[in-house]
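S.K.: Please see the structure below; I have some questions.
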């Protein structure tokens, strides 16, 4: 009988985490190699919207577990929610994206299901005996091991992030068209199964955080000729709880340290929000920040290349704009006219 | 200090340990005299070795008299007299704990009767992109001969004490002409399927390995993607590199891209983003078990370190980077990143001079290729020096003069240093020019030259200061209206009143706005016109570029643009929809209209234009010089002497400072 | 009329000789009380067997003690000191003479009357004047020149003492002068005649009082000075000579945990946290400090602007000791490491030994610093963060970088060196490249060169199969005796098992510890540094350079080769042999050579303040040599770095090892 | 307060490739150390004990005789006792095997707090902690960066490391199990007296057979096996690369763009005030202005 491969789809802020798609693609490759049945399983409160993407990437079935709860999921909670479903359908292989959450969930689930687990695999394949061979690096990346889970089922693995190419499935996988099976989460999914109770999050201190980890960055460039000119950039960063960074020019002008330099001779950053002040946008700089999700560019030269990659191009002198902006942000705080703001990326996955 | 541990960790290639991950890739220096290396070679390579590079691959050396491109450019490896010279070079390099390999080269059809009085050889009778001459199709005997010639030079390399050899299988030379389905249309066992197309290369590998044995390293420099329609792609490259690796005779792969037809991407100009082709190495590294070296436009130690750390390659290759700053590795290792003079891929000193069969040097580093001949020595009599103009020429002169112990002051009338180069430096694709300015600034601050900004120097001022020497680097003047500014009807444009005209400089600086339909009168077919066109096209303007006659009489291409930059720039204009009319000159302009004249038929055509942009040459600003030349020792350099390129400005700055 | 000796005059009904006796008894009493305290501490201190080698010690005593060999390093003050020293010895007798006159109512000791007396008086006569001038000179130096090295030590004290010394002279001159003036009989002593003539012409009564007063003033000055000694830096008048006699005979060996039982296992504590953790010799050292400041004046750490000042370190401990001894003090709980001597000072030292080389009374600074480090590391677990990796690497991988076997195998394969033991009997020497020679990419080039040279001279040598463990020098000098002895045990075992007798090493640090410190742990080998060995081979003509090394060279002495093991000439002679240019001597060289900054584990410590290597680099490039030669891996690294950082121009002079230079001449 | 720290003697290869041509591990280049993460766990335990002022820290390890070394190292750091669950050399236990053995032993011991390292540097699994806790039915939190114990209430507040330097705050009652993260502390360097004591300390040893496990290779409590080893090759993180199926011109186009997606974002012009308003509007409509609590107690230096 055909093998069944399941891939857990991790959802953050109602979006599918890229790593999960990588896992799905790996699962898809695996399924095709063994003519196995590929299914995806997802926990969220708005799964329908995401169903399409999942199925495009080759899943024939999607098990969608609806949760009402808004508070961030705990690995233990999700494990409990999935365990039942998995026991019922008994997949042979169960894959996860190797994110922090994915890895944790996998371990909890393995504990729950009393089965083996291989973390951060970079390759998966079936042996001729049909057993899943899990390739991974260990001994501090000095040894490549191939592990197997001969008896226990499912054979669980998490996929090392960022190395599998995401490929859409060439043909609709299941002749009858994809099926979506909705189940209500077991009560345990919303209330923590593990006895540890979530109390909240402590965001990283943007002043000490490594800028490549920062989720908001305010960056200054050549327009700030010295530290005093640079001061408003820092102040803005403060108002936004952002990390301060800069182009090489900012380093040369002595405004920031080299550890906060973005670009080819500095660091590569991928914040959710990048506010770039007085940076023209030479390749040497942009190569380090092209991963930014949303970019606001403030530059007096309307033809500066930075504007071409910005979601919002602000043509004007940063020295004029920043103080205004800071003033407004502060009044915001006091009047608090921003209800329902979510901490950007604060659920820690 | 930035941690570059990965870049400076040793690597073992075929049993030979290299002290760090920096490889100087082979590049023709053009230092040869009647076909043989010279002391200039020895000094050049020794300087790089002293700078701390781990492995030097010495320039392509000709295995065969049959195809040698140009007898005055490539060392003629087939001549027995070469061996002592090679030994000199290896000894010099080994003195500094660096390894050195020799690159074995057979040009195939990249060779012409014009230079050698004999046609090139190739896999098939396909004219090559470099010269357009139809080569001779090689028969079995010729193939065996070529293979033997590779082995013969390998033998010489062994005798001369090289640590290894690198086979030049790249850049559209002979082996690639066999490998590439674009060039190779044979039907015998050397053509057709991949295995056949690889046969010639395989024979060379086997023959060379047989000669050098196991004590020497054998590497291959190969393209990973030809970037031409009908050429091989990265997928093919994965296949054939894997097969090479499987022979067990190949110790490492040094990857580049392109072939003659797509040449510009092998020595990419500055508008190509940094590290463009590292992904090729990364992908190929997954399919082979030997070290892989990534190259092409890697000019920064941090970037290089990241490439190693991220497992994209085992080694990084640099040619222009080390040409520009031989001390790159030492400085990087010591954490002195600011002191590194970064290559900006201008190609002015290297590729272009090579094209014109001149020995190479570097725009930013006049000492390059002149090691020993050019060096900064303490001045016998420290003198009081005034440098006027904070452009490239002025800054270089000031820095060098100061290092020699003179008492130097630098004056700049604008609020910032950099001079005219700051104008193109704003344009997308030309922004690397900033790096040149950054370094010059860093240089003068680190040697401690007092800089007086916002200071327009007058004759009176100079007489008051009583300097021993005045170095005049005050730059040139923009031509805004050829009608009025230019003498001689030949170059003049009759501009009717009310016509919207603007000088290219002003447009780039943002001083002048243009209408929607723009005609650019480019009198010289210089970079200025081309980038202005791209700059305006980027803004969504409808741009027509009128160029008189793209071919200079004395040279292959437009004189101040090397062919690589030129080609990629044209590509950009094409992709951005710029209309280019050549063999025409703009003669008259009125509001909304421009009349252009065919240079051959002298017939007029009428174009609609809201704005006419003038891209003319610049003129030297001679006022100050004329006022003082008889009274004090005043010397003109750079645009103040004659408006030319940055390379001339920096060269003259350096030169004048070493002469006072 | 007849002249009455002061001692027989009557003062307020008390005869003079009684006064003299009183003076003697009181001052001796005070003096002995003071000395008791001083001695008590010595007695309580840890043992230190220093009675071996009587003759060599006595020889040294004459050199450094009586001839004051090191004084003239600083010419003016040196000569002055020598004069005062000898003046003292001469005049001391006179003071005793005067005292006896006082005690026995003017009667001189018998021998003073004879010919000896005559001769003595002639000498003394001259000396009084010279010494007086010397004192004035000393005044001038302290008052007017006031060199930096005297900073942080009391001026008043110095002036008082100088005043007392000179007054001894003056009073005696006036005593005798006035005597002659009164009796007016002719004297053959020029100086006395001078003073006599000065005094002649004043009334007999005045002369008489001058005569009496100066006599008593002399005695008072004498006793004051005596009691001042144990309270001041002039204690050295008493302790210097013994301290010199008890000098450390083998400078290369660091003081072990305990002189009698060096094995750490045998002890529950290690290092010096409080006074009584020091040995009596270390205490004697601090007693003896003359505060001349020569140590601080030559200390690279201090010159580079670090907190450490060897002088302050010693006086600090001394003052702490005195305070503890004074009857008024309450016993303080203050620790020496940390409270008295700051951590920054303790970790500032590069153990280059320049201070010890300069000290005129042979104080051993480094041992104390290391004992303080030992206390911090072994008892407190407190040390600069950056050296923890070093400790862990040494403990786990037995080399500072934590490299693995690959490196060594690779190195052996590349050098094609034959393995020790395979043909053991056929091998005379073991080549020991040191960790750097095995693992460092730059220094591998040197060890390769050495091997090629040994091969070309067909020396029968081998290298250890899996290399060897780190010699432990850095661990020891960073105070981590535990790791040190761990490594020593391993090495000694291997070397003895493999029957090694002679070792040629490329690292002065290895050489030093193997040669001077391992014997105490049972490892006795003949250890030679490669410069010495290659020098021999050149001399024997077993290595024959074909061409000349055509570059101007200067030579930097590694501390552990030079100062600690006195290998100064072999490298220089080698250079003279192989180069055809002249060999430049740097500003400070041989035993005065300035440290590269790597010693004492500084290779692994972060130099936050003061970059010693840059200072040295600048010094070395003074005469603009093409090449700086040295013979130590760590000097090589530090100077190379120093060159790149200190000199703006990239083409600054290269640093090469002697071996590399010979090879280039082959 | 009885704290149990489960530690491991980890193998470290200080050479780039630890597998020889025949697929065997190069054991001659292996060094055995106390797993660095476990060292941090031990330190954490000691600090907790010091903070509370009472209680005991017991170290437990599973392994052959040689594994005793890591117990002694832990004792030298200041732990009170060590328990050695002795297995024959060459016996292989996977995460499940170890967890089974540990839980069997620990269930017989008093335990308020169980600490593990987050990860072992050799097999790099990071599973034993969770599995053991599961078998002992204890609440478990992974990657604990900070542990605050309320001795009276017998509750714990835990800060757990998330990515991007963020932390999650959790609470749970004792007894509980945590795996400790790298950032938790910097382990102390053992002093000489402590080392000396540890050298001679008596360490209780119990063989795994005594706990009811065969200890044979192929032990049934294991769930996974290593089928073979191979030389490592780091797979690079995804890098933007044009697909070979694209035309040459398009491949070049991709490269020339520097992998930078051209965005047709709106462009604002006008007075500083207007522009500032524009930015605020942009941010608030995307809900990108973080609320106060997010910035609580922060002021830029």
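Protein chains in written order, with our numbering: chain D, 695 to 1043; chain X, 100 to 759; chain V, 385 to 1050; chain B, 27 to 327.
Glycine included, each C-beta is placed from N, C-alpha and C at the ideal position.
1) Return the first residue and the last residue of the alpha helix (DSSP H) that residue 147 (chain B) is part of.
2) So for residue 307 (chain B), helix, strand or coil by DSSP?
3) Excluding five sequence neighbours on each side, which residues of the same chain lie with their C-beta closer than 7 Å to the C-beta of residue 141 (chain X)?
4) Whose C-beta lies closer than 6 Å to the C-beta of residue 280 (chain B) among residues of the same chain, with five residues either side of it excluded?
5) If we ignore side chains and look at the alpha-carbon of each, how far apart do residue 716 (chain X) and residue 581 (chain X) end up?
6) Counting only the same chain and skipping the five closest in sequence on each side, list residues whose C-beta sits under 8 Å from that of residue 241 (chain B).
7) Report yes or no: do the stretch 620-629 of chain X and the stretch 664-678 of chain X share at least 3 C-beta pairs separated by less than 8 Å?
8) Closer than 7 Å, CB to CB, is residue 281 (chain B) near chain V or not?
9) So what does residue 251 (chain B) bridge to, in DSSP terms?
10) On the criterion of 16 or more Cβ atoms from any shown chain inside 10 Å, does residue 725 (chain X) qualify as buried, or is it exposed?
11) What distance in whole Å lies between the Cβ atoms of residue 549 (chain X) and residue 484 (chain X), which are believed to be in contact at a cut-off of 8 Å?
12) Out of D:833, D:836, D:805 and D:823, which one is the CA nearest neighbour of residue 155 (chain B)?
13) Determine, using beta-carbon pairs with one atom in the stretch 645-654 of chain V and one in the stretch 862-881 of chain V, whether at least three such pairs fall under 8 Å.
14) How would you label residue 477 (chain X), buried or exposed, when you count the other beta carbons within 10 angstroms and need 16 or more for buried?
15) Would residue 402 (chain X) pass as an interface residue toward chain D - the criterion being a Cβ-Cβ separation below 7 Å?
16) For the structure I just gave you, are there three or more beta carbon pairs, one from the stretch 583-596 of chain V and one from the stretch 553-561 of chain V, closer than 8 Å?
17) Check the Cβ of residue 262 (chain B) against every Cβ in chain C and list those closer than 7 Å, keeping chain order.
18) Please identify, using Cβ separations under 7 Å, the residues of the stretch 782-798 of chain V that lie next to chain B, in order along the chain.
19) Identify, in the order they occur along the chain, each residue of the same chain with its Cβ nearer than 8 Å to the Cβ of residue 200 (chain B), setting aside the five sequence neighbours on each side.
20) Count the other CB atoms, across all protein chains shown, that sit within 10 Å of the CB of residue 567 (chain V); report buried if there are 16 or more and exposed otherwise.
21) With respect to the beta strand (DSSP E) encompassing residue 1037 (chain V), which residues constitute its N-terminal and C-terminal limits?
22) Compare the C-alpha of residue 636 (chain X) against each of X:241, X:623 and X:606 and name the closest.
23) Flag residue 495 (chain V) as yes when its Cβ comes closer than 6 Å to any non-hydrogen atom of the ligand HEM, and as no otherwise.
24) Going by DSSP, name the residue or residues bridged to residue 705 (chain X).
25) Is the stretch 253-270 of chain X touching the stretch 355-363 of chain X in the sense that three or more CB pairs, one from each, lie closer than 8 Å?
26) Give the secondary structure of residue 554 (chain X) by DSSP, where H, G and I count as helix, E and B as strand, and everything else as coil.
27) Could you tell me whether the Cβ of residue 118 (chain X) comes closer than 7 Å to any Cβ of chain V?
28) Please tell me whether residue 765 (chain V) has its Cβ less than 7 Å away from any Cβ of chain B.
29) Assess, as a yes-or-no matter, whether the stretch 251-259 of chain B is touched by the stretch 38-57 of chain B under the definition of 3 or more beta carbon pairs within less than 8 Å.
M.R.: To lay it out plainly:
1) Residue mapping note: residue 147 (chain B) aligns to position 121 of the fourth chain, counting from 1. In the DSSP annotation of this structure, residue 147 (chain B) is not part of any alpha helix (DSSP H), being labelled neither H nor E.
2) Here residue 307 (chain B) refers to the residue found at position 281 of the fourth chain. Of the three classes helix, strand and coil, the one that applies to residue 307 (chain B) here is helix, per DSSP.
3) Position 42 of the second chain, counted from the first residue, corresponds to residue 141 (chain X). Once the five neighbours on either side are set aside, the close Cβ partners of residue 141 (chain X) are 187, 188 and 191.
4) Within the fourth chain, numbered from 1, the residue matching residue 280 (chain B) stands at position 254. Here residue 280 (chain B) has 268 as same chain residues with Cβ atoms under 6 Å from its own Cβ, once five neighbours each way along the sequence are excluded.
5) Start at 1 with the first residue of the second chain, and residue 716 (chain X) comes out as number 617. Start at 1 with the first residue of the second chain, and residue 581 (chain X) comes out as number 482. For residue 716 (chain X) and residue 581 (chain X), the gap between their C-alpha atoms comes out near 10 Å.
6) Translated into positions along the fourth chain, residue 241 (chain B) becomes position 215. Around residue 241 (chain B): 113, 114, 117, 233, 234 and 235.
7) Yes, the stretch 620-629 of chain X touches the stretch 664-678 of chain X.
8) Taking the first residue of the fourth chain as position 1, residue 281 (chain B) is located at position 255. Taking 7 Å as the threshold, the shortest C-beta distance from residue 281 (chain B) to chain V does not fall below it.
9) Taking the fourth chain and counting its residues from 1, the one referred to as residue 251 (chain B) is at position 225. According to DSSP, which records beta bridges pairwise, residue 251 (chain B) is partnered with D:842.
10) What you label residue 725 (chain X) is simply residue 626 of the second chain in a count that begins at 1. Around the beta carbon of residue 725 (chain X), a 10 Å sphere encloses fewer than 16 other beta carbons of the protein chains shown; the residue is thus reported as exposed.
11) Start at 1 with the first residue of the second chain, and residue 484 (chain X) comes out as number 385. Start at 1 with the first residue of the second chain, and residue 549 (chain X) comes out as number 450. Approximately 11 Å separates the beta-carbon atoms of residue 484 (chain X) and residue 549 (chain X); this is outside 8 Å, ruling out the contact.
12) As a position in the fourth chain, residue 155 (chain B) is number 129, starting the count at 1. If we check each option's Cα against that of residue 155 (chain B), D:805 comes out closest.
13) Segments in contact, yes.
14) Start at 1 with the first residue of the second chain, and residue 477 (chain X) comes out as number 378. Taking every protein chain shown into account, the CB of residue 477 (chain X) has fewer than 16 other CB atoms within 10 angstroms, so this residue is exposed.
15) Counting from 1 along the second chain, the entry for residue 402 (chain X) is found at position 303. Residue 402 (chain X) counts as touching chain D.
16) Because the criterion of three Cβ pairs below 8 Å is met, the stretch 583-596 of chain V and the stretch 553-561 of chain V touch.
17) The structure shown contains no chain C; its protein chains are D, X, V and B.
18) Using a CB distance below 7 Å, the part of the stretch 782-798 of chain V facing chain B consists of 786, 787, 788, 789 and 790, ordered along the chain.
19) Indexing the fourth chain from 1 puts residue 200 (chain B) at position 174. 138, 139, 175, 180, 181 and 182, listed in sequence order.
20) Mapped onto the third chain, residue 567 (chain V) falls at position 183. Label assigned to residue 567 (chain V): exposed.
21) On the third chain, residue 1037 (chain V) is found 653 positions in, with the first residue counted as 1. Premise fails: residue 1037 (chain V) is in no beta strand (DSSP E) and is neither H nor E.
22) Along the second chain, one-based indexing puts residue 636 (chain X) at 537. If we check each option's Cα against that of residue 636 (chain X), X:606 comes out closest.
23) Although the ligand HEM was asked about, the structure shown includes no ligands whatsoever.
24) By one-based count along the second chain, residue 705 (chain X) stands at place 606. Partner(s): X:694.
25) Segments in contact, yes.
26) Counted from its first residue, the second chain places residue 554 (chain X) at position 455. In this structure, residue 554 (chain X) counts as coil in the three-state DSSP scheme.
27) Within the second chain, numbered from 1, the residue matching residue 118 (chain X) stands at position 19. True, the Cβ-Cβ gap to chain V drops below 7 Å.
28) Taking the first residue of the third chain as 1, we reach residue 765 (chain V) at position 381. For residue 765 (chain V), the nearest beta carbon of chain B is closer than 7 Å to its own beta carbon.
29) With the rule of 3 Cβ pairs closer than 8 Å, the stretch 38-57 of chain B counts as touching the stretch 251-259 of chain B.
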